[in-house]
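One structure is given here, and the rest of the page talks about it.
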Amino acid sequence: MPSLSVLPPKCLQKPLLVPHRHMFGPGPSNVPSRILEAGANPVIGHMHPEIFEIMNDIKSGVQYMFQTQNNMTLAVSGTGHTAMECAIFNTVESGDSVLTAVNGIWGERAAEMAERIGARVNTIVAPPGGFFTNAEIEQALSKYRPVLFFLAHGESSTGVLHPLDGIGQLCQRYNCLFLVDAVASIGGAPLHMDQQGIDILYTGSQKVLNAPPEKNVYIGPIGIRKSKPVSFFLDLNWLANYWGCDGKPSRVYHHTGPVTAFFSLRESLAVLVEEGLENSWERHQKVAEYFHTGLESMGLKLFVKEKKARLPTVTTIVAPHGYDWKEITSYIMKTHNIEISGGLGPSVGLVLRVGLMGCNSSKANVDMVLGALKDALKHCHKSKV
Ligand code: PMP
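In terms of my numbering, the sequence shown is residues 98 to 482.
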């Protein structure tokens with residue numbers, strides 16, 4: 098036998114070290130010990146009856162969170178991007194017309210995903226911080242006649258909460274599926290999937306739900322496509338069976354479900370159920386308003402001008418004039434052990450982003466962030482121009 102050419106790495110002979118940090122960026126947010134502990138339960142088989150029961154509980158929790166009666170509710174293994182691709186791959190075929198609303202990075206990404214599978218993609222574009230009227234959306238639907246229309250409810254890159262009323266009905270009129278990204282908004286801002294005519298909705302576990310970033314929850318139609326989707330892993334026919342959504346008497350192995358992630362996701366949904374969806378919406382709104390008032394009284398400006406379009410979960414602050422935003426975020430991380438972030442995609446350099454989601458959404462945390470920002474503006478370099 099030849100001797101090993103790669104030696105045991107020294108780094109792995111040291112213990113794992115993870116700092117405690119205030120996670121006040123656009124996600125992930127802090128995970129309360131109750132949810133962490135749920136995820137530390139023993140691993141059991143992904144096809145065991147107890148797991149199916151836990152998956153059914155998750156399904157009920159997601160239906161509540163989404164306000165839908167749709168039985169086709171499941172959690173996809175992966176991150177928010179996995180859910181986006183799952184939604185698009187299962188509804189769009191090569192050559193189909195797709196329309197995405199771009200007022201930040203998420204519409205851009207959805208457009209790219211659809212393009213990669215050969216769709217004819219058109220976009221409507223609003224400047225960062227802006228949003229679309231129903232008349233603008235209708236005009237584009239009638240012009241492009243898409244099979245799918247993508248809209249981000251919470252545009253976390255720009256801090257916009259997009260109005261949803263009436264858009265589902267427009268999509269119905271134009272025979273188009275309405276796909277909504279609620280990764281950054283669900284649980285923190287009102288959304289009624291069935292009443293608002295949303296066909297496909299997904300979110301992530303790492304924001305308001307305060308679970309680790311390894312699961313996303315997804316709901317969507319099935320059997321719409323004529324051909325099989327390009328991805329086996331994301332094929333909704335398979336996933337629906339694993340999640341007991343297809344009415345078949347037994348579930349078949351598709352992939353090894355991340356059972357410990359199911360435990361933490363179930364716990365995070367239990368926390369939401371305990372608080373109540375409406376109470377959670379109200380708390381996020383009140384805390385956001387308290388934060389916005391505090392920012393304005395410090396002389397900082399909010400990036401989203403229209404009050405009702407401000408996302409209560411992720412606040413965008415106009416990057417303070419004369420400062421380097423990177424110096425501010427790293428000062429706050431180093432001095433206050435708080436993560437806040439800069440912009441993303443089209444908002445890079447324009448904003449600072451602060452996310453207060455789920456258990457992090459409290460007035461005490463607002464005071465902590467305001468204090469850190471004040472300190473940063475005092476100590477970071479300010480140019481004279
Ligand atoms: N959509 C929105 C609105 C998001 O905020 C995010 C995460 N920042 C995603 C999609 C993608 O999620 P993930 O990073 O978990 O893939």
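Beta carbons: idealized from backbone N, C-alpha and C, even for Gly.
Residue i in three-state terms, based on DSSP
i: residue 483; result: For residue 483 there is no data in the structure shown, the boundaries of the chain being 98 and 482.
i: residue 233; result: helix
i: residue 401; result: coil
i: residue 119; result: strand
i: residue 412; result: strand
i: residue 314; result: strand
i: residue 170; result: strand
i: residue 341; result: coil
i: residue 384; result: helix
i: residue 392; result: helix
i: residue 439; result: strand
i: residue 147; result: helix
i: residue 131; result: helix
i: residue 190; result: coil
i: residue 258; result: strand
Whole-Å CB distance - residue i paired with residue j, under 8 Å assumed
i: residue 172; j: residue 314; result: 5 Å
i: residue 186; j: residue 327; result: 6 Å
i: residue 362; j: residue 308; result: 5 Å
i: residue 169; j: residue 385; result: The pair is not a contact, with the Cβ atoms about 32 Å apart (cut-off 8 Å).
i: residue 440; j: residue 446; result: 6 Å
i: residue 415; j: residue 404; result: Contact flag wrong, Cβ pair sits at about 15 Å.
i: residue 477; j: residue 387; result: Actually they do not touch by this definition, with Cβ atoms about 25 Å apart.
Where the beta strand (DSSP E) through residue i begins and ends
i: residue 286; result: No beta strand (DSSP E) holds residue 286; DSSP gives it neither H nor E.
i: residue 452; result: 448–452
i: residue 276; result: 274–278
i: residue 198; result: 194–199
i: residue 281; result: Unbroken run through residue 281: none, as it is neither H nor E.
i: residue 249; result: 245–249
i: residue 457; result: Run containing residue 457: none; DSSP gives neither H nor E here.
i: residue 217; result: 217–222
Residue i - containing alpha helix (DSSP H), residue span
i: residue 361; result: 356–372
i: residue 298; result: Run containing residue 298: none in the alpha helix (DSSP H); it sits in the beta strand (DSSP E), 297–301.
i: residue 204; result: 202–213
i: residue 186; result: 177–186
i: residue 429; result: 422–433
i: residue 66; result: The structure shown has nothing for residue 66, since the chain only spans 98 to 482.
i: residue 466; result: 460–476
i: residue 141; result: Premise fails: residue 141 is in no alpha helix (DSSP H) and is neither H nor E.
With 16 other Cβ atoms within 10 Å as the buried cut-off, status of residue i
i: residue 122; result: buried
i: residue 277; result: buried
i: residue 153; result: exposed
i: residue 207; result: buried
i: residue 312; result: buried
i: residue 464; result: exposed
i: residue 480; result: exposed
i: residue 462; result: buried
* Could you name the residues, in chain order, whose CB is less than 6 Å away from a heavy atom belonging to the ligand PMP? -> Ordered along the chain, residues surrounding the ligand PMP are 123, 124, 176, 177, 178, 203, 249, 251, 253, 278, 280, 281, 301 and 310 [Cβ under 6 Å from any heavy atom].
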